[in-house]
Amino acid sequence: MDWERTLEQILGEHGPLHEDDIAQRLRDIGVADPDTLLDRLLDEIACPARKLVDDRWVWLPAILAGRVFTHRLDADELAHDLLTVTPDLDPITTLCEHEPYRQFTDGSAAHVVLAGFDDDLLEQRGIAEEAIDPLGALLLAPGTLAALGVAEGDLVGVRLTEQGLVVERVTRPGIPAPAAAAVGQRLAAMVDGEEPQHFDVPVWTACAEDPALFTQPLPPLCEIADDAGLASEGEWLAPSGFDFERWRLDRGCARLAERHGLDPDDAFALYMLVHIYGQMSRLTMEAADEDALPEVALAAAGADATTPEPAEKPAAQDLSDLVGELGAALADPLLAELLVAETVGTGRAGASGLGLLAEVLEPKVPRAAKVACRWLRAVALERLDDIEQAERELLAAESMDPDWPLPLFDLARIASDRGDAERGLSLLRRAGAAPDHPLVELLEQHRVQQRRDLGRNEPCWCGSGRKYKKCHLRREELPLPERTGWLYTKAAQYALLDGWHDELAAAGDERFRYGHLDPDALFEALADPLVMDAVLFEGGAFAEFLDVRGSLLPDDERLLAEQWQLAGRSVFEVEQVHSGHSVTVRDLRTGDTHEVHERAASRQLKVGQLICAHPLPTGDTMNFFGGIEPVELHQRDRLIDLLDTEPDPVTLVGHLSRRFAPPALANTEGDPLAICEATVRVGDPAEMEAALDDIYHRDDEEDATRWFEHVTTDGMPRIRAVLTLDGDELRVETNSEKRMDRVLATLARCDPAMEVLDDSRRPLRNARDVAELAKQLPAANDDAIDPDDPELAAFLDEFVRDYETTWLDQPLPALDGHTPRQAADDPTRRADLIRLLDTFPAVVPGTAGMDPDRLRAALGLG
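Shown next as structure tokens:
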């Protein structure tokens, strides 16, 4: 069932309803768990249902049909053919978030653009980001406003019609000023002094209460609000005199307190420091004189500072004291760490602003917080790729307070990069790191045991002539092959901690695409070796790691890392297997042969098997990094072609993860299966009936007004579509979207004035979807055939068994056009067949249906 359509019908028939009332009406039509369904439906992303001031829900297209909202033009809008949507047009342009309503009456797309999200489109139109309001603008076709003959200061209206949105010129408001004032009073009655409302919510509520409201042009909403004495700011509407500044402060502090579990004082300090950082960040982008930045920054922070109580603008000394009081909170390592998380996070953007904030704070804060300022400067320098200067700042912070933990963690990571496990562990112990901290575990794995065959005062093993205690005692180094995993983990840590999270998340999402909706599934995908390896090498994180932190690596590791950049991922054929030790593989792209040291995989790989892998040199041998992906024979050439294009990590991971996708169901013509139903209204039923007789086959029953479209596949005639005429409404049913599109196009040619009343399409991805659909079908009525009739059961069983025999030799799109028998005999396709059979629901005793176990036995799959 098309549940979105059902929700539309419920709200359209009964008007605004509370959620409990909607749930009851869903129960009335047989929905067993309406609450779960509503959680999915009543989502502003899912469908255009919205909540009113009184918490009732409405179907926006229903209450906005025929309404017009106006907006007064400025020069930028005229120059670029766009309309700022907030607040004047928000109530109607919200519909542009939903595909069926995202169009103008001429069929062109109605798109609300945002700077930073639609940059390519804006660049094509030559529109600067500065011309776009931060909350978005409705983009019009070039020349639209000129064709309307409007000028700066004129009014235009945006109206919702059955064909889409239309932009029209408004010569003057269509309702007298007193009536417009009444609208303002109505909006004022819907807001209170506690919290502002989203501007469009009271507007929708007013529309739901008055069917005639906004059907004629009114002044713009911002002007109505001003005339009514209401306060507004961006998308928010509030009573007269509302203190938006104080509200933002309270709201921001409450969010930080909830997000991080902070008490009110700490949340206030963090909020203010983040706010001051924003000023610093803007200054660093605009500054011409860097030497004067600290003084300018301090003044800017004071000019925009917000205190808990209304106060006069602070004097310079008061301002310095205020900044010092706020910065004093950073003596708490948690707040310092949260300040970084709330400002630059793991990225680089804004790092200069963080450095400037630390420079401004340090002279003003008490001694206990100065160490935090040094650490903040180190973080900023590291984000700006100056690792040497960052280390100097970290060492300075350590000297200020040897036990303050944050610099110790960063210095331990530097020690790890240098290969000094002992110093790293010493720093981590001082920082209070837990034994299961990832860096502690990594360094413990790579500690070098002191040699017991040499005394402290004996000559060193290295031949230097010095005593062992003066030369290599506690400075032993693991052989390079034993440090390759350490080197790889250093690079992975860089990707996780230094600005590659978005790329990891995008690649992880591709790995997760066919998984179950488990809360931990995405986390597991991010930990998948292919995801990390693809971001490191195809994504470029490894090259950046070498540029930024490569100077810290031991010389032999740096040289090995440079070799790793030359070793590409490829498709390999396994030529020899030495179980528990190694495999020999041949690169199918270059013909090169490699012996790869691989204990675990060598116990599972078979000679002749194809794999996609990324072998890297590890000294005298090679190892697989990034996991081993099996490759079917029919996928080999496509994968090689993809690797030749040097794909980005998302594309690569997506391609290699398709093996997890369930086989798709298709009809006999190869179209993906979908239950498609459409209803159209025809202009002349008699003419349409004659046209249908010419094109389709009428049902042989007497007086039937039903037609079939047939197609012959595999020598058998099959029904493509069923069309039923009832008065001036024609119902169309098909089992694929392609078939539905073809029939609707044919009907449109027969009757250009035809109107599509309903068009629902439900894809059936696998046999489980088919079984779920069957559960939703109405139960048989009293006149139906008795399913317990033994003769009927025998007939159905014979029919199903005959169909199973035919199915075994039928080419299936899910098997790339091969029959199940062919797939069972082909080692490269057997896995696809097994996955297809796994999607078949088990047969319930006493019911008819294809039996997957019987099919497996017939195919020799056990």
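For reference, each letter of the sequence shown is one residue, going 1 to 862 in the UniProt record's numbering.
Cβ atoms here follow ideal geometry from the backbone N, Cα and C, with glycine treated the same way.
- Query: Thinking C-alpha only, which one of L237, F840, A842 is nearest D88?
  - Reply: If we check each option's Cα against that of D88, L237 comes out closest.
- Task: Throw me the rounded Cβ distance for the D76 and A110 pair, which I believe falls under 8 Å.
- Result: With 8 Å as the limit, D76 and A110 do not qualify as a contact, their Cβ atoms being about 19 Å apart.
- Task: Out of L744, T489, L764, R761, state which residue places its alpha-carbon closest to the alpha-carbon of E755.
- Result: Selected option, being the one with the closest Cα: L744.
- Query: Using the beta-carbon count (16 or more within 10 Å), is E557 buried or exposed?
  - Reply: Classification of E557: buried, given that the 10 Å Cβ count is 16 or more.
- Kindly indicate which three-state DSSP category P554 falls into: helix, strand or coil? Three-state DSSP puts P554 in coil, outside helix and strand.
- Message: Give me the DSSP bridge partner(s) of I719.
- Response: I719 is bridged to H710.
- Taking A231 as part of the alpha helix (DSSP H), name the residues at either end of that continuous run. That residue, A231, is in no alpha helix (DSSP H); its beta strand (DSSP E) goes 231-233.
- Message: Check for me: the beta strand (DSSP E) holding residue 883 runs from which residue to which?
- Response: Outside the shown range of the chain (1 to 862) lies residue 883, about which nothing can therefore be said.
- Are the CB atoms of P239 and A231 nearer to each other than 9 Å? Yes, the Cβ-Cβ distance between P239 and A231 is below 9 Å.
- Message: With a threshold of 7 Å on Cβ separation, who are the neighbours of E13 within its own chain once the five nearest residues in sequence on each side are excluded?
- Response: Only residues of its own chain outside the window of five on either side were considered, and among them none has a CB closer than 7 Å to the CB of E13.
- Would you give the residue range spanned by the beta strand (DSSP E) that S760 belongs to? Its beta strand (DSSP E) spans residues 755-763.
- Three-state class that DSSP yields for R569 in the structure shown: For R569, the secondary structure class from DSSP, reduced to helix, strand or coil, is coil.
- Could you tell me which residues DSSP puts in a beta bridge with residue 892? The structure shown does not extend to residue 892, since the chain spans only 1 to 862, so no value can be given for it.
- Message: Taking contact to mean 3 or more Cβ pairs, one atom from each stretch, closer than 8 Å, check whether the region 545-557 and the region 594-601 are in contact.
- Response: Touching, no, given that fewer than three Cβ pairs across the two stretches are closer than 8 Å.
- Item | Buried/exposed call for I92, threshold 16 Cβ in 10 Å | With 16 or more Cβ atoms within 10 Å of its Cβ, I92 is classed as buried.
- Message: Only counting the same chain, and skipping five residues up and downstream in sequence, which positions put a Cβ closer than 7 Å to that of A390?
- Response: Sequence-distant Cβ neighbours of A390 in its own chain, meaning closer than 7 Å and more than five residues away, are A378, L381, E382.
- Task: Compare the Cα-Cα distances from D648 to each of A661, S579, V571, M532 and report the closest residue.
- Result: Nearest of A661, S579, V571, M532 to D648, Cα basis: M532.
- Query: Measuring CB to CB, does Y858 end up less than 9 Å from L808?
  - Reply: The sequence shown places Ala at residue 858, rather than the Tyr named in the question. Using a Cβ distance threshold of 9 Å, A858 and L808 count as a contacting pair.
- Item | Anticipated Cβ contact below 8 Å, F199 with E235, distance rounded | Indeed they touch by this definition, with Cβ atoms about 6 Å apart.
- Message: Please classify N667 as buried or exposed, where buried requires at least 16 other C-beta atoms within 10 Å of its C-beta.
- Response: It counts as buried.
- Message: Between G193 and chain B, is any beta-carbon pair separated by less than 9 Å?
- Response: The question asks about chain B, but that chain is absent: this structure has only one protein chain.
- Around the Cβ of E99, are there at least 16 other Cβ atoms within 10 angstroms (buried) or fewer (exposed)? E99 is exposed by the Cβ-count criterion.
- Determine the extent of the beta strand (DSSP E) in which R821 is found, giving its start and end residues. R821 -> not in any beta strand (DSSP E); alpha helix (DSSP H) instead, spanning 820-825.
- Item | Buried or exposed (CB count within 10 angstroms, at least 16 for buried), D420 | By the neighbour-count rule (16 or more Cβ atoms within 10 Å), D420 is buried.
- First through last residue of the beta strand (DSSP E) which encompasses L861: Note, L861: premise wrong, no beta strand (DSSP E); not H, not E.
- Task: Could I get the ranges of all uninterrupted beta strand (DSSP E) runs contained in the region 201-286, with 3 residues as the minimum, in chain order?
- Result: Complete beta strand (DSSP E) runs here, min 3: 231-233, 236-238.
- Please report the residue range of the beta strand (DSSP E) in which C373 lies. Looking at the DSSP string, C373 is not in any beta strand (DSSP E); the run it does join, the alpha helix (DSSP H), is 367-383.
- Query: Sorted by chain position, which residues of the same chain lie with C-beta nearer than 7 Å to I628's C-beta, five sequence neighbours on each side aside?
  - Reply: Cβ within range, chain order: A601, I611, A613.
- Message: Output needed for A543: all residues of its chain with C-beta closer than 7 Å, excluding positions within five of it in sequence on either side, in chain order.
- Response: Answer for A543: Q565, listed in chain order.
- Compute the distance between the beta-carbons of E458 and K470, then report whether it is under 9 Å. No, the Cβ-Cβ distance between E458 and K470 is not below 9 Å.
- Item | 7 Å Cβ shell around E4 - same chain, five flanking residues per side excluded | Cβ neighbours of E4 beyond the five flanking positions: L41, C47.
- Query: What span of residues does the beta strand (DSSP E) with P615 cover, start to end?
  - Reply: That run of the beta strand (DSSP E) goes 610-617.
- Query: Rounded C-beta distance between V365 and L330? I'm assuming under 8 Å.
  - Reply: That pair is a contact at about 7 Å.
- Task: Please go through the same chain and pick out, in chain order, the residues whose beta-carbon is closer than 6 Å to the beta-carbon of S657, but skip the five residues on each side of it.
- Result: In chain order, E510, R511 place their CB closer than 6 Å to the CB of S657, counting only its own chain and leaving out the 5 sequence neighbours on each side.
- Message: Spatial neighbours of L408 within its chain, please: C-beta separation below 6 Å, excluding the five flanking residues on both sides.
- Response: L427, R430, A431.
- Task: Evaluate the contact criterion for the region 729-743 versus the region 666-680: three or more CB pairs, one atom per stretch, below 8 Å.
- Result: Short answer: they touch.
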